[in-house]
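One structure below.
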Amino acid sequence: MLNKIISHALPYFPQKFIWQFSKTYIAGESIQDAIDASKALNQKKTMVTIDILGEFIENMYQARINRDEYLDLITTVEQTDVIGNYSLKPTMFGLLLDKETCYAHIRDLVIKAAYHGNFIRIDMEDSPCVDDSIEIFRRLKKEFPKNVGLVLQAYLKRTRSDLENMLDLRSDDSKLNFRLCKGIYMESPSIAYTNYHEINIHYLEDLEFMFRNKVYPAIATHDKSLIQGALTLIDKYNVPKSGYEFQMLYGVTPKQCQALVRKGHSVRVYVPFGQHWFGYSTRRLKENPAMMSHILKAMLGKG
Ligand SMILES: Cc1cc2nc3c(=O)[nH]c(=O)nc-3n(C[C@H](O)[C@H](O)[C@H](O)COP(=O)(O)OP(=O)(O)OC[C@H]3O[C@@H](n4cnc5c(N)ncnc54)[C@H](O)[C@@H]3O)c2cc1C
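Spelled out as structure tokens, the structure:
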């Protein structure tokens, strides 16, 4: 309870204390930090997806800066031997301000990734972003069938029908590639399942739908029961190891991650970095208020 109250007061905490918590979940502030973290993960036989932190910009000048930062990221990472791809949030490129320019910026990034034979995942943000994110994905998938993927959130009641509607984008030489996660934003019960068990039931139903329809799923969860459920479905549909991957967040349940690697499953870790780490960290903290104790210890000089 105390942790929960404190987590709501987070914006008033000095950033240096929040960093005590954040450094577990964020690779650092620079591209080099992201590369170092990615190489360390690659050595543990996990792939990465690298994400520059930031969202909900105020003007299209910031969108352009974000586009340029991602271009720089891709250029730099592609000169290394990092095994990984990229994730991005459409609101960083102006989704809520100027949809067409947002599309053009993301397209520039997909062109760059495709040039290197690589892949960009469009993250899914809160519900007002879903239609436009799907629309951008649709346009890009037609032009770059192998280089772009999307995230779907099992807590949204619309997700199953979104999945069905996007099956027309499949082609013989390029599967649909969707990351399936529970969903992290606060949504109204009128559009989202809010109960843990209901969300998990729909997660596994959506995943089964993907396996039945030869969609490549990135199974993004740390929830043991969902991982077990996914493994059962993989057996049931006899899905080859090349037909799916697991995904986890940087710093979250690394032992679980390694256990999957040891069993021969492909695992990818989401590696966020950048100067705008504060918003991402406070979201993680609200999700996991028990971590507040680490910050309190740091504030008391015991961290
Ligand atoms: C690779 C990846 C990408 C994602 N992309 C998106 C996206 O684009 N859009 C979106 O809405 N959501 C995204 N999410 C977040 C996701 O929707 C969930 O909010 C988050 O993964 C927690 O759900 P869970 O499935 O792990 O299950 P939960 O039931 O929430 O967690 C299961 C267990 O995992 C551990 N755990 C989970 N989260 C944390 C944490 N932050 N800190 C410490 N321990 C933790 C705890 O032990 C917990 O008991 C992503 C998640 C992953 C793994």
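Just so we're on the same page, the numbering used here is the position in the sequence shown counted from 1, plus 613.
Just so you know, even glycine gets a beta-carbon here, dropped at the ideal spot from N, CA and C.
Could you check what DSSP says for GLN633 in three-state terms: helix, strand or coil?
-> helix
Using 8 Å as the Cβ pair cut-off and three pairs as the minimum, do the stretch 756-771 and the stretch 791-800 touch?
-> The answer is yes - the stretch 791-800 touches the stretch 756-771, with three or more Cβ pairs under 8 Å.
Just the C-alpha distance for GLY667 and ASP736, rounded to the nearest angstrom, thanks.
-> 12 Å
Ranges of the alpha helix (DSSP H) found wholly within the stretch 712-788, counting only runs of at least 4 = 712-728, 743-756 and 772-779
How about THR662 and SER700: do their beta carbons lie closer than 8 Å?
-> yes
Close Cβ partners of ASP649 (< 6 Å) along its chain, the five nearest in sequence each way excluded = none
Beta carbon of THR772: closer than 7 Å to some heavy atom of ligand 1?
-> no
ASP744: buried (16+ other C-beta within 10 angstroms of its C-beta) or exposed?
-> exposed
From the DSSP output, which residues share a beta bridge with ARG881?
-> MET660 and GLN860
Going by beta carbon distance, what residues of the same chain come within less than 8 Å of ASP819, once the five residues before and after it are set aside?
-> LEU765, ALA767, THR772, ARG773, LEU776 and LEU793
Alpha-carbon to alpha-carbon, ALA872 and ASN852 | According to the sequence as given, residue 852 is Val; it is not Asn. The straight-line gap from Cα to Cα measures roughly 19 Å.
Work out the CA separation of ILE665 and ASP685 for me, nearest whole Å.
-> 11 Å
Please find out if some non-hydrogen atom of ligand 1 comes closer than 7 Å to the beta-carbon of LEU846.
-> no
Taking 7 Å as the line, does the beta carbon of ILE797 fall inside it for any heavy atom of ligand 1?
-> Yes.
Near VAL874, what residues of its chain come up, given a Cβ to Cβ distance below 8 Å and the 5 sequence neighbours on each side ignored?
-> LYS657, LYS658, THR659 and VAL880
Under a three-way DSSP split, which group does ASN813 fall into?
-> helix
Mind checking ASN672: buried by the 16 CB within 10 Å criterion, or exposed?
-> exposed
Could you say which of PRO758, GLN869, LYS629 and GLY856 lies nearest to ARG734 if we only look at CA atoms?
-> Ranking PRO758, GLN869, LYS629 and GLY856 by Cα distance to ARG734 puts PRO758 first.
Cβ neighbour criterion (16 or more within 10 Å) applied to HIS810 = With fewer than 16 other Cβ atoms from the protein chains shown falling within 10 Å of its own Cβ, HIS810 counts as exposed.
GLY914 versus PHE630: straight-line alpha-carbon distance, rounded = Only weak support is given to the placement of GLY914: the predicted model assigns it a pLDDT of 46, under 50, and the value that follows is read from those uncertain coordinates. So the alpha carbons of these two residues sit roughly 10 Å apart.
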